[in-house]
Amino acid sequence: MTHEYIEIKNPDDLKIFWRYDDNGKIILERWKIKRLLEQEFKTNENNRSELLREKRKNILTIADRTEVISFILSIVESFPPIIKKFPNGKELTKEDLEEEVLKGLNSYFSNDFLSTLKSQKLQLFKDPIDKCCLPFLGKVVVTTMDTIEEIEYKNFESTFWDKQIIKKEYCKIEYKENDAVFYKFCYKICNNDTKRLSSLMTLLGYLMHTYKDPSKAFAVIFTDQEISDNDEAQGGVGKSILGRALSYVRRVSYFDGRNQRVKDINAFSGFERYTEIYLMEDMNKNFNFDSMIQVITGILPLKKLWENVDNISFKESGKFCMTCNYIPTGSGGYSEERRQEYFEVGNYFGKNKTPLSEFGHRLFDEWDDEEWNKFYAFMIECVQLYLRHGIISAKKINVVAKQIIQRTNLDFYNYFHPRFTEGQKVWDKESELKNFVKLYPDYRRISARQFTSWIFQYLRLNNIDYTQEPADLRKRIIIL
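Under the numbering used here, think of the first position of the sequence shown as 2, with each following residue one higher.
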């Protein structure tokens, strides 16, 4: 007879998870321990070595072997000092039972044994299309385009991971824009332009809204607005602060773009299944965006050292946000462009002016409860603006110019761009090359083919139609 199917009418009966042999020796019963543990723990269906536990109503946590042992020992501790008296006068004490449990740790509570517990499908909560649900301490704040509702966890219709929980208590407040630090920070990096601020707010709202729409599968890219006059990037303008702000609302995993490569087999080993935003910071100059299109639009493979690949579907995965001082390279074209949403961060902050010097304190680290409430009020406003209008794309300032410079160089851009903007329609290749070399003698060894390719790069990236004349020799470029 298999104990697995014995009906237990009283769950408390499982707490007697031992029996005695003919000599009165304690024998722990594995089947009862298993059933007892299953009242509190489940294995993750996607990873049987991972234990799940309902921390409190509608909040799941990842448990470990230590918690399992503590759970069993707490049951032992609940018994009276003398558990049983035998006819021969021998007694079973609580300490005797605890001793047997501790002696059998490697047998009764091994990872192999724990992996036999019933499994539960790990279903990470995702926002519906028209709502954004933010799990604060004690309550869920449900936001639509027009309303904000507070719901207790016990009355919420789904389950959150404990790692999704925002470690702050929510307090709804009205705030004045000129009195909220993070609002003022965002306004300044938007060049004090309300239209650009609206664009930034919808991008933040998009990233916080965990609903995944295949038609809106793109990476938000925060980059410097300014064009550097050398090969060094600007930096320090506030991109990392935007990423940090998102981490106080959603579960964020990080990718170090300076030292990691997307094509590595373990590239996304730092990401987790419960990650809601993948923040790829400081992507380097050689980063090719083509390598990201598949994971942005399809399956995200998570491969950790010595573990099998965990493939996360599009709807289950998080959203991508990148920060970079350079514009990512790629094959170009519509398929790439529609997977990118750029926002150029203004240069209000930099080497000579920092958020610390501007506001007199460290953002986030030195805020009181009131300032945190203003921050969350602003972030919820971002969500509502996004739900109402979708993405409001910011007008590009220098994105195209930086793309051209990265594919050619700054000297060529400074030569060609002013002439083009003045309305020049006909470009004689040979004459233009001579003029360029005359102004920039260091390029005297440049080939005609190379120079012409730079012109084509400029025209293509600016979506400018052209033809070449005469048809056989193609000596001139004519702007249509």
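Yeah, the Cβ is synthetic: ideal placement off N, Cα and C, and Gly gets one too.
Opposing strand residues paired with residue i [DSSP bridges]
| i | result |
| --- | --- |
| G86 | The question names Gly, but residue 86 in the sequence shown is Lys. In the DSSP output, where bridge partners are listed per residue, K86 has E92. |
| L53 | K43 and I63 |
| V346 | D225 |
| T276 | In DSSP, T276 forms no bridge with anything. |
| W428 | I478 |
| D257 | E282 |
| V142 | L135 and E151 |
| D311 | L303 |
| K320 | I278 |
| C325 | T224 and M284 |
| F161 | I60 |
| T195 | DSSP, once it has assigned bridges, lists no residue as partnering T195. |
| W19 | L29 |
Separation of residue j from residue i, as counted between CA atoms
| i | j | result |
| --- | --- | --- |
| Y109 | T94 | 20 Å |
| Y255 | L301 | 15 Å |
| T293 | D283 | The sequence shown places Met at residue 293, rather than the Thr named in the question. Answer to the nearest angstrom: the Cα atoms are 15 Å apart. |
| L15 | R36 | 7 Å |
| Q226 | L243 | 15 Å |
| C172 | V384 | 17 Å |
| K305 | D22 | 46 Å |
| I60 | T160 | 6 Å |
| Y387 | G206 | 5 Å |
| I174 | Y154 | 21 Å |
| R340 | Q451 | 29 Å |
| C325 | I381 | 26 Å |
| I405 | K217 | 26 Å |
| I9 | W32 | Legend: pLDDT at I9 = 35, less than 50; position of this residue unreliable, value from coordinates given subsequently. So the two alpha carbons sit approximately 12 Å from each other. |
| A472 | I456 | 18 Å |
| K1 | K375 | No answer is possible for residue 1: it lies beyond the span of the chain, which begins at 2 and ends at 481. |
| L411 | V401 | 13 Å |
| G1 | E68 | Since the first residue of the chain shown is 2 and the last is 481, residue 1 is not available in this structure. |
| V310 | N47 | 11 Å |
| I447 | Y279 | 42 Å |
| K430 | N463 | 19 Å |
| V263 | L98 | 53 Å |
| I478 | W428 | 5 Å |
| Q261 | V253 | 17 Å |
| S111 | K58 | 28 Å |
| V77 | F114 | 20 Å |
| F315 | D214 | 9 Å |
| D370 | K56 | 26 Å |
| N267 | N45 | 22 Å |
| N436 | W373 | 58 Å |
Proximity below 7 Å, CB of residue i to CB of residue j
| i | j | result |
| --- | --- | --- |
| T211 | E150 | no |
| L38 | L123 | no |
| A220 | I297 | yes |
| F18 | E30 | yes |
| R461 | Q469 | no |
| I130 | V143 | no |
| V141 | F126 | no |
| M146 | R389 | yes |
| G351 | G237 | yes |
| I27 | E101 | yes |
| L53 | Q121 | yes |
| K189 | Y377 | no |
| R20 | S116 | no |
| I480 | K403 | no |
| R259 | N285 | yes |
| W162 | Y249 | no |
| I228 | N399 | yes |
| L303 | F272 | yes |
| Q407 | I328 | yes |
| N422 | Q458 | The sequence given here places Thr at residue 422; Asn does not occur at that position. Not in contact: T422 and Q458 (Cβ atoms no closer than 7 Å). |
Are the segment 62–74 and the segment 317–336 touching, with three or more C-beta to C-beta distances below 8 Å? no
Within the chosen definition, does the segment 180–196 reach the segment 76–91 through at least 3 CB pairs nearer than 8 Å? no
With a threshold of 8 Å, are at least 3 pairs of Cβ atoms found where one atom belongs to the segment 99–108 and the other to the segment 349–369? no
Please determine if the segment 126–143 and the segment 160–178 are in contact, where contact requires at least 3 C-beta pairs separated by less than 8 Å. yes
Do the segment 187–206 and the segment 340–352 touch if we need at least three Cβ pairs shorter than 8 Å? Flag = yes, the segment 187–206 and the segment 340–352 touch.
Would you be able to state if there are at least three C-beta pairs under 8 Å between the segment 361–380 and the segment 438–453? no
For the segment 410–454, which segments carrying the alpha helix (DSSP H) assignment without a break, of at least 4 residues, lie completely within its bounds, in sequence order? 411–422 and 430–440
Complete runs of the alpha helix (DSSP H) confined to the segment 376–412 [at least 4 residues]: 400–408
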